[in-house]
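If you're matching positions, the sequence shown starts at 1118 in our numbering and goes up one per residue.
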Amino acid sequence: MEPNYRVSFYKKLVDSTGHPVDAVQGAVEVRAPSEQQAVELARPRFAELGHVRVWSLRADYATVESIA
């Protein structure tokens, strides 16, 4: 059985004081054989949830964590 992963998507922003902030834009849970494949599976799902064609219009990067 393939492990479950949570792929979280972040946008780099600047707060009201001018400091950089990594703002969570959303997360997708997927079942995949590896972290890299989890990101590949999660990207189009995240784009669909955000009603955009390309995930990078909503986020700058993604992180992956294994979940039970």
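Here a beta-carbon is modelled for each residue, glycine too, at the ideal position from N, C-alpha and C.
Using the rule of at least 16 other Cβ atoms within 10 Å of the residue's Cβ for burial, across every protein chain shown, is Val1145 buried or exposed?
buried
Mind checking who Pro1137 pairs with in its DSSP beta bridge?
Val1131
Inter-residue Cα distance where the pair is His1136 and Met1118
43 Å
Classification of Val1156 by the beta-carbon crowding that lies within 10 angstroms, buried from 16 upward:
buried
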